[in-house]
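Enquirer: First residue of the sequence shown? That's -9 in the numbering used here, and the numbers climb one at a time after it. Glycine included, C-beta positions come from ideal geometry on N, C-alpha and C.
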Amino acid sequence: MVASRMFRSIAIFYLTCFHIPSAVQGKCSSAHKSKTRPVPAPRQLPPEQNYPKAIFHVTEYGAVADGETDSTSAFLKAWEAACDYTGSSTFFIPEGKFLLGPITFSGPCYKNQSPDVQIRGTLLAVPDLSAYPADDWIVFDNLQGFNLIGDPDEPTLDGQGGLDAWKQESCVQSANCNRLITSLKLYRVSNGTISDITVTNSKAFHVSFNNCDQMEMFNVNIKAPGDSPNTDGIHVHESSNINIVAAAIGVGDDCVSIGPGSFNISVSDIRCGPGHGISVGSLGKYKNEADVVGVLVRNCTMSNTQNGVRVKTLPGSSASTASNFTFEDIVMINVSNPIIIDQEYCPSGSCQDSGPSRVKISNMNFKNIRGTYNTPTGVSLFCSSGVPCENIHLADINMQFIKRETRDQGHFSVMGVVHGLEILTSSF
């Protein structure tokens, strides 16, 4: 479809299977005029805030940087000392390779202030899936003022997923997939940053924000082969005020995925590829899911990805809403499905036939999206037939089908029910 002039639909669209082409000293007592030397006043401890910053070096607690000795207990001892310290502290991981099993760095710490975490070496996950009692490798839990700082050229969390985990069947292909281990999980963490790290070859998700608030992540590299199963780059779930910026992500699943209960999420300056693009969802898998409100995805590049920007919900879901999303200033390079709303998402083919999705999608804005795509359909709106998509706006969408045979070739597909659709100055 080519829209070189304003195309606006004020009327309600009822479309079913519709397809359109185209940061001491103690004081002495006051001096007196005795001929004897004054006796100094007792030494006072400095105020707590003036304690020197302490560095808790994991090797001083028994960690061995040989890549073979399990250093999990040493890391925990160092963390406990840093967390209990009465001044500001740094939990420090030096250069070298450290083998770690599943580990949780728990708070709250002294006066509810987390140590800074500095990584200068490489952490290697124990490969064997049976070593993990839960679905996580490294967890930071119940912390405020948390800052994880690396070196953009060195610090790596290597999940070693290719040694065992990736041999199991993908959850995309089967509902009976086994253990999915997240490499770095932030759980109940707030008011902090994660910067300058590399996370690679995760057994499943690379980074997860769960029940977090006021967090910023920037200058991050996330890498896994394009065919590695279930290896989402960054996943956000039940979290608010999360800002993800300046990341290079190439994985075998979504580069960024935003799950239920997410509020005010910003994703910008992301280079995605390979992978499945940037997605909201899937939504509607569990009962009583919280809404997703306020998502901004901007200034991103999708290169050779399966999808571009996507909203996906499962059929037969309980009622929730997904609203106020903006996807803007995005470049698509040889992308299969550049813009897609999919309310019939069923990855393993095991979805029960229990009716249409009940996730209400509304106020979706797609603006200034350009580039190329390699499937016949540039924009796909597969909306629920039970609760209509509402207020879908596309403006300045200019994409070319790379296999275009004629100037006017291209497709716009719509299924289900849409109330209010606007397309302005676009061609695809």
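Can you check which of these residues, M292, S352 and T303, is closest to N314 by C-alpha distance?
Expert: In the sequence shown, counting from the first residue as 1, residue 314 sits at position 324. If we check each option's Cα against that of N314, S352 comes out closest.
Enquirer: Using the Cα positions of N289 and N233, report the straight-line distance between them to the nearest angstrom.
Expert: The count along the sequence shown starts at 1 and reaches residue 289 at position 299. The count along the sequence shown starts at 1 and reaches residue 233 at position 243. The straight-line gap from Cα to Cα measures roughly 14 Å.
Enquirer: Alpha carbon to alpha carbon, what distance is there between K213 and T188?
Expert: Locating residue 188 in the sequence shown gives position 198, where the first residue counts as 1. Locating residue 213 in the sequence shown gives position 223, where the first residue counts as 1. Distance between the alpha carbons of T188 and K213 is about 8 Å.
Enquirer: Could you tell me which of G306, P250, P337 and N231 sits nearest to L286, measuring between CA atoms?
Expert: For the purposes of this step, residue 286 is taken as residue 296 along the sequence shown, with counting starting at 1. Ranked by Cα distance from L286, the first of G306, P250, P337 and N231 is N231.
Enquirer: Do you know whose CA, among K393, L384 and C336, lies nearest N364's CA?
Expert: The residue labelled residue 364 in the question sits at position 374 within the sequence shown. Considering only alpha carbons, the answer is K393.
Enquirer: In terms of residue numbering, what span does the beta strand (DSSP E) encompassing W127 cover?
Expert: Here residue 127 refers to the residue found at position 137 of the sequence shown. Per DSSP, the unbroken beta strand (DSSP E) holding W127 starts and ends at D126 to Q134.
Enquirer: Let me check understanding here. Comparing Cα to Cα, which of I387, N137 and H196 lies closest to G298?
Expert: Within the sequence shown, the letter at position 308 stands for residue 298. Nearest C-alpha to G298: I387.
Enquirer: What residues in its chain sit with their C-beta under 7 Å from that of R110, if we drop five residues either side in the sequence?
Expert: For this step, residue 110 is matched to residue 120 along the sequence shown. Excluding positions up to five away in sequence, the list reads I83, P84, E85, D141, E144 and P145.
Enquirer: By Cβ distance below 8 Å, which residues in the same chain neighbour T80 in space, the five residues on each side in sequence not counted?
Expert: Locating residue 80 in the sequence shown gives position 90, counting from the first residue. Cβ neighbours of T80 beyond the five flanking positions: K43, A44, I45, F46, A72, P105, D106, V107 and Q108.
Enquirer: Could you give the C-beta distance for V321 and R360, rounded to a whole number, given that I count them as a contact under 8 Å?
Expert: Taking the sequence shown and counting its residues from 1, the one referred to as residue 321 is at position 331. Taking the sequence shown and counting its residues from 1, the one referred to as residue 360 is at position 370. With a Cβ gap of about 6 Å, V321 and R360 count as contacting.
Enquirer: Do F195 and H225 count as a contact pair if the criterion is CB distance below 7 Å?
Expert: Taking the first residue of the sequence shown as 1, we reach residue 225 at position 235. Taking the first residue of the sequence shown as 1, we reach residue 195 at position 205. Against a cut-off of 7 Å, the Cβ pair of F195 and H225 comes out as a contact.
Enquirer: From L133, L90 and F88, pick the residue whose C-alpha is nearest to that of C99; which is it?
Expert: What you label residue 99 is simply residue 109 of the sequence shown in a count that begins at 1. Answer by Cα proximity: L133.
Enquirer: Judging by CA-CA distance, which residue of L411, N200 and C245 is the nearest neighbour of G216?
Expert: As a first step, residue 216 is located in the sequence shown; it is residue number 226 there, counting from the start. Cα-wise, what sits closest to G216 is C245.
Enquirer: According to DSSP, is L119 helix, strand or coil?
Expert: Counting from one through the sequence shown, the residue named residue 119 turns up at place 129. Looking at L119 - three-state DSSP - the assignment turns out to be helix.
Enquirer: Assign S19 to one of two classes, buried (16 or more other C-beta atoms within 10 Å of its C-beta) or exposed (fewer than that).
Expert: For the purposes of this step, residue 19 is taken as the residue at position 29 of the sequence shown. Low per-residue confidence applies at S19: pLDDT is 36, beneath 50, and the placement is therefore not dependable, though the value from the model is reported in the following sentence. Exposed.
Enquirer: What does DSSP give as the partner residues of Y177 in its beta bridges?
Expert: For the purposes of this step, residue 177 is taken as residue 187 along the sequence shown, with counting starting at 1. Note: Y177 sits in a beta bridge opposite D131 and N200.
Enquirer: Please name the residue, chosen from G368, G376 and F317, that lies closest to E334 on a Cα-to-Cα basis.
Expert: Position 344 of the sequence shown, counting from 1, holds the residue named residue 334. Looking at the Cα atoms, G376 is the closest of the given residues.
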